[in-house]
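Undergrad: There's a structure below that I have some questions on.
Numbering (the working numbering), first residue to last: 2 to 208.
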């Protein structure tokens with residue numbers, strides 16, 4: 002059963018890579034190391050983590066990363082936390098983060114207060130010349146929540162890229178100006194695999 006599950010996932014990854022690579026224009030240069038964090042809740046979050054691990058994307062991941070963590074630089078979790086996820090040792094510990102990636106879901110309890118944390122992270126990264134990306138995987142379509150709307154209003158001015166995967170874009174549209182941020186709409190979440198592989202680098206773990 003385990004082997005069947007692995008084979009199925011790999012087939013999905015391969016199919017997603019083919020479908021998406023032909024239709025989505027390359028993103029701006031995404032500099033690493035990356036700090037990846039989360040706002041809200043999505044049933045697809047674990048899949049995103051799996052995609053990143055499979056593609057060996059050099060990142061630090063923490064659901065509750067703070068500006069203090071950001072200031073500590075790459076690998077700040079080493080020696081401080083148990084390695085549920087780990088930073089690939091491609092950089093000297095303490096290397097400044099160049100990109101903030103926010104995985105966005107639907108609003109949940111505590112999400113209103115968490116907007117401030119994300120705003121502080123985004124502001125800090127932008128002030129140092131880095132990039133901010135949001136990947137919305139609110140596949141259950143909870144985007145009409147007023148807390149989610151407040152989050153969108155707050156984060157969009159900081160964004161360089163907004164990727165919406167299998168999620169509604171309605172709440173984002175009033176705040177988008179011309180081609181800033183770059184908007185990528187993906188019909189299914191698995192299409193993120195191709196985006197990650199092409200624009201985030203690293204390559205598949207088993208190539």
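Glycine is no exception: its CB is placed at the ideal position from the N, C-alpha and C atoms.
Computed from a predicted model, the values in this text were never measured in an experiment.
Take the Cβ of residue 112 as the centre, count every other Cβ of all protein chains shown within 10 Å, and call the residue buried at 16 or more, exposed below.
TA: Residue numbering aside, residue 112 sits at position 111 when the chain shown is read from its first letter. So residue 112 ends up on the buried side.
Undergrad: Kindly list the residues whose CB is nearer than 7 Å to the CB of residue 100, restricted to its own chain and excluding five residues on each side of it in sequence; keep chain order.
TA: Taking the first residue of the chain shown as position 1, residue 100 is located at position 99. Closer than 7 Å at Cβ, skipping near neighbours: 31, 32, 33, 35, 131, 132 and 134.
Undergrad: Any contact of the region 147-157 with the region 46-63, i.e. 3+ C-beta pairs under 8 Å?
TA: No, the region 147-157 is not in contact with the region 46-63.
Undergrad: Could you have a look at residue 39 and say whether DSSP puts it in helix, strand or coil?
TA: Position 38 of the chain shown, counting from 1, holds the residue named residue 39. Here residue 39 sits in strand by DSSP.
Undergrad: Can you tell me which of 120, 142, 116 and 105 puts its alpha carbon nearest to the alpha carbon of residue 163?
TA: Translated into positions along the chain shown, residue 163 becomes position 162. Of the candidates 120, 142, 116 and 105, the one whose C-alpha sits nearest the C-alpha of residue 163 is 105.
Undergrad: Taking only three categories from DSSP, how would you classify residue 93?
TA: For the purposes of this step, residue 93 is taken as the residue at position 92 of the chain shown. Residue state, collapsed to three classes: coil.
Undergrad: In the DSSP assignment, find the unbroken alpha helix (DSSP H) run with residue 166 in it and report its ends.
TA: Numbered from its first residue, the chain shown carries residue 166 at position 165. Run containing residue 166: none in the alpha helix (DSSP H); it sits in the beta strand (DSSP E), 162-166.
Undergrad: Taking all protein chains shown into account, do 16 or more other C-beta atoms lie within 10 angstroms of the C-beta of residue 147, making it buried, or fewer, making it exposed?
TA: As a first step, residue 147 is located in the chain shown; it is residue number 146 there, counting from the start. Answer is exposed; the Cβ neighbour count stays below 16.
Undergrad: Let's see if you can read the secondary structure: which residues bound the alpha helix (DSSP H) around residue 149?
TA: Locating residue 149 in the chain shown gives position 148, where the first residue counts as 1. Note, residue 149: alpha helix (DSSP H), 147-156.
Undergrad: In terms of residues, what are the limits of the beta strand (DSSP E) holding residue 61?
TA: In the chain shown, counting from the first residue as 1, residue 61 sits at position 60. That run of the beta strand (DSSP E) goes 60-62.
Undergrad: For the region 35-53 and the region 188-195, state whether three or more C-beta atom pairs, one from each stretch, are separated by less than 8 Å.
TA: Short answer: they touch.
Undergrad: Determine the extent of the beta strand (DSSP E) in which residue 186 is found, giving its start and end residues.
TA: Within the chain shown, the letter at position 185 stands for residue 186. Here the beta strand (DSSP E) through residue 186 covers 183-187.
Undergrad: Using a 10 Å radius around the Cβ and a threshold of 16 neighbouring Cβ atoms, would you call residue 41 buried or exposed?
TA: Here the question's residue 41 lines up with position 40 in the chain shown. Buried: at least 16 other Cβ atoms inside 10 Å.
Undergrad: Nearest-angstrom Cα distance between residue 47 and residue 117?
TA: On the chain shown, residue 47 is found 46 positions in, with the first residue counted as 1. On the chain shown, residue 117 is found 116 positions in, with the first residue counted as 1. Distance between the alpha carbons of residue 47 and residue 117: 24 Å.
Undergrad: For residue 107, which residues from the same chain have a beta carbon less than 7 Å from its beta carbon, with the 5 sequence-adjacent residues on both sides left out?
TA: As a working note, residue 107 is residue 106 in the chain shown. Cβ within range, chain order: 41, 42, 43, 139, 141, 143, 146 and 149.
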